[in-house]
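First the structure, in the form of C-alpha cells, and then the observations on it.
2 protein chains.
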Amino acid sequence: MAGRMDEFVSTFTNRIDGKGRVSIPAPFREVLMRDGFPGLYCSPTLDQKAVDAGGNRFRDAIRQSLSQFDPFSEDYELLSTALMGESEILSIDKDGRTVFSDTIRARAGLTDLVTFVGQGFKFQIWEPSRFAAYREEATSRVRELRKRLGARGSAGVPSQGGGT
Amino acid sequence: MAGRMDEFVSTFTNRIDGKGRVSIPAPFREVLMRDGFPGLYCSPTLDQKAVDAGGNRFRDAIRQSLSQFDPFSEDYELLSTALMGESEILSIDKDGRTVFSDTIRARAGLTDLVTFVGQGFKFQIWEPSRFAAYREEATSRVRELRKRLGARGSAGVPSQGGGT
DNA sequence: GGGGAATTCATGGGCGTCAATGGAATCTCA
DNA sequence: TGAGATTCCATTGACGCCCATGAATTCCCC
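Here it is, written out as C-alpha cells:
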C-alpha cells in the first residue's frame, strides 16, 4: 500500500495484548506523523458504539465547532462536556502502539481485537464483529439509496461492490 | 499520555485523602504549568452544582465576559459578585496536589472522590455520580442538537461539517 | 527468474520511571 | 502548645522504553 497519504484509508484489525497494547496500523501512524499531533486524539462516536480518533486535523474540527459558542453559555458547557470531557489523548509508544483506556474499551465494547476504519481526516475504532454488522447495514442502505437515486437517473452514488 | 497540550481534555477521577488532599491530574497540571498561573483559579459553575477551574486563560475569560456589561449595571453587579466574589485561588503543592476549601467541597457536594472534567480553556470539578448524570444529559442534548442542526460528519461535530 | 537477505510490522516480555496515594515529619499561627 | 497546614518520603501500580521473535514482503544479486 503506497504511503504518502494524508488521509486515513482502509480497514485493519489488530490484537490487544495482555498488557492492553495495540499496534496502530502503520499507514495510520504515517498519517498521524504527518499531521504532527503527538499522540492520538480520541472522541466517542455519538451515534454508534465506537470511538473516533485522529490527530490535529480531527481535534481542530472539534475545537472549531466549539469556538462558535460563548464560553459561558449553556451550550458551551454541554458541548465541551460531551466533546472535550469525553475525549482522551492517548500516547503512542516508540513501537507504534497505544493502550486504550477502560472508558474507550467499554465504549466500543472491545475485548481482544480492534478494527481500525479509515475515514479520511479521522478513523474509527470498533469491535470487529460489531463493525461487520454495521458495515452490512451501511452497505445495504447505500444499495437502496443508489436504487432510489438511480431511478431518477442521478450520478451521485458511484457503484462498487461490498468491501473487504 | 502525550503532553504538549494547551487545553484541558478528558476526564479523571481522583481520591481525596484523609487530610483533604487531591492530586490534580498530571495532564491538567501540565496545562496549568504552561499557562503560567501560580495555582488554581476556581469559580463556581453558574448553573450546575460544580466548580470551574483553570489558570490565566480561564481568569481572563471571566474578566472578558464581564467586560461586556456596563460596570454600573445591575447585571454587572450580579455577575461580578457571582463570578469574582465567589472565586478562590488554591495552591498546588510540590506533589501536584491541592486542598479544596469547605466552600468548594460544599458547592460541588464532594465527599471522597473528585472528577475533573476537561473543557478546553477550563475544567470542572464534580462529585463523580453527580457528573455521571450530567454527562448523560449533556450527551443526549448534544446528540439532539446535532440532529437539529442536521450536521453531517460523524465526528459528532455539530455544524460546520468538520470534514475534509 | 529465483532464492536468499534485508525490511517492515505486528506482537510478547522484562524492566525502569512516573503518577497517585498514604503516612510521617516539620512548620505556623493563634 | 496544639490543630491545621505544608513539605518530605515510601509504596504500589500503571505506563513508557527497549529488546526479541516471527511472519510476510521487498529488494537484490547471481
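Line order of the protein sequences matches chains A and B. Residue numbers are given in our numbering: position 11 of the first sequence equals residue 11, and the series is strictly consecutive. Residue numbers are given in our numbering: position 79 of the second sequence equals residue 1079, and the series is strictly consecutive. All residues carry an ideal CB built from backbone N, CA and C; glycine is no exception. Computed from a predicted model, the values in this text were never measured in an experiment.
Close Cβ partners of residue i (< 6 Å) along its chain, the five nearest in sequence each way excluded
i, result
"residue 69 of chain A", "75 and 76"
"residue 1043 of chain B", "1052, 1083 and 1087"
"residue 95 of chain A", "none"
"residue 10 of chain A", "118"
Residue i vs residue j beta-carbon contact at 8 Å
i, j, result
"residue 40 of chain A", "residue 111 of chain A", "no"
"residue 1121 of chain B", "residue 1036 of chain B", "no"
"residue 1124 of chain B", "residue 1114 of chain B", "no"
"residue 24 of chain A", "residue 89 of chain A", "no"
"residue 128 of chain A", "residue 13 of chain A", "yes"
"residue 49 of chain A", "residue 109 of chain A", "yes"
"residue 81 of chain A", "residue 1119 of chain B", "yes"
Same chain, Cβ closer than 7 Å to residue i, neighbours up to 5 away in sequence not counted
i, result
"residue 1079 of chain B", "1066 and 1069"
"residue 1021 of chain B", "1097 and 1099"
"residue 1034 of chain B", "1006"
"residue 101 of chain A", "88"
"residue 57 of chain A", "35 and 121"
"residue 105 of chain A", "none"
Span of the alpha helix (DSSP H), counted from its first residue to its last, around residue i
i, result
"residue 1009 of chain B", "Counting along the chain, residue 1009 of chain B falls outside any alpha helix (DSSP H), and DSSP gives it neither H nor E."
"residue 27 of chain A", "26 to 35"
"residue 80 of chain A", "74 to 80"
First and last residue of the uninterrupted beta strand (DSSP E) at residue i
i, result
"residue 100 of chain A", "Looking at the DSSP string, residue 100 of chain A is not in any beta strand (DSSP E), and its letter there is neither H nor E."
"residue 53 of chain A", "51 to 54"
"residue 122 of chain A", "122 to 126"
"residue 1044 of chain B", "1040 to 1044"
"residue 119 of chain A", "113 to 119"
"residue 166 of chain A", "Residue numbering for chain A in the displayed model covers 1 to 164; residue 166 of chain A lies beyond these limits and cannot be assessed."
"residue 23 of chain A", "21 to 23"
Close-in-space but distant-in-sequence residues of the same chain around residue i (CB under 8 Å, 5 per side omitted)
i, result
"residue 31 of chain A", "5, 6, 7, 8 and 55"
"residue 16 of chain A", "22, 100, 110, 111, 112, 113 and 114"
* chain A contacts made by the region 1105 to 1125 of chain B, where a contact means CB separation under 9 Å -> Shown in chain order are the members of the region 1105 to 1125 of chain B whose Cβ falls below 9 Å from a Cβ of chain A: 1117, 1118, 1119, 1120, 1121, 1122, 1123 and 1124.
* How do the region 133 to 143 of chain A and the region 55 to 63 of chain A stand: do at least 3 beta-carbon pairs fall below 8 Å, yes or no? -> Per the Cβ contact rule, the region 133 to 143 of chain A is not in contact with the region 55 to 63 of chain A (fewer than 3 Cβ pairs under 8 Å).
* Residues in the region 69 to 90 of chain A having any Cβ partner in chain B nearer than 9 Å -> Look at the region 69 to 90 of chain A: the residues with a C-beta under 9 Å from a C-beta of chain B are 70, 71, 72, 74, 75, 76, 77, 78, 79, 80, 81, 82, 83, 84, 85, 86, 87, 88, 89 and 90.
* Asked: Which residues, in chain order, does the region 1031 to 1053 of chain B contribute to contact with chain A at a C-beta distance below 8 Å?
  -> Cβ contacts with chain A come from 1045, 1046, 1047 and 1048.
* **Near-chain B residues of the region 129 to 153 of chain A - C-beta to any C-beta below 8 Å** => Closer than 8 Å at the C-beta level to chain B, one finds no residue of the region 129 to 153 of chain A.
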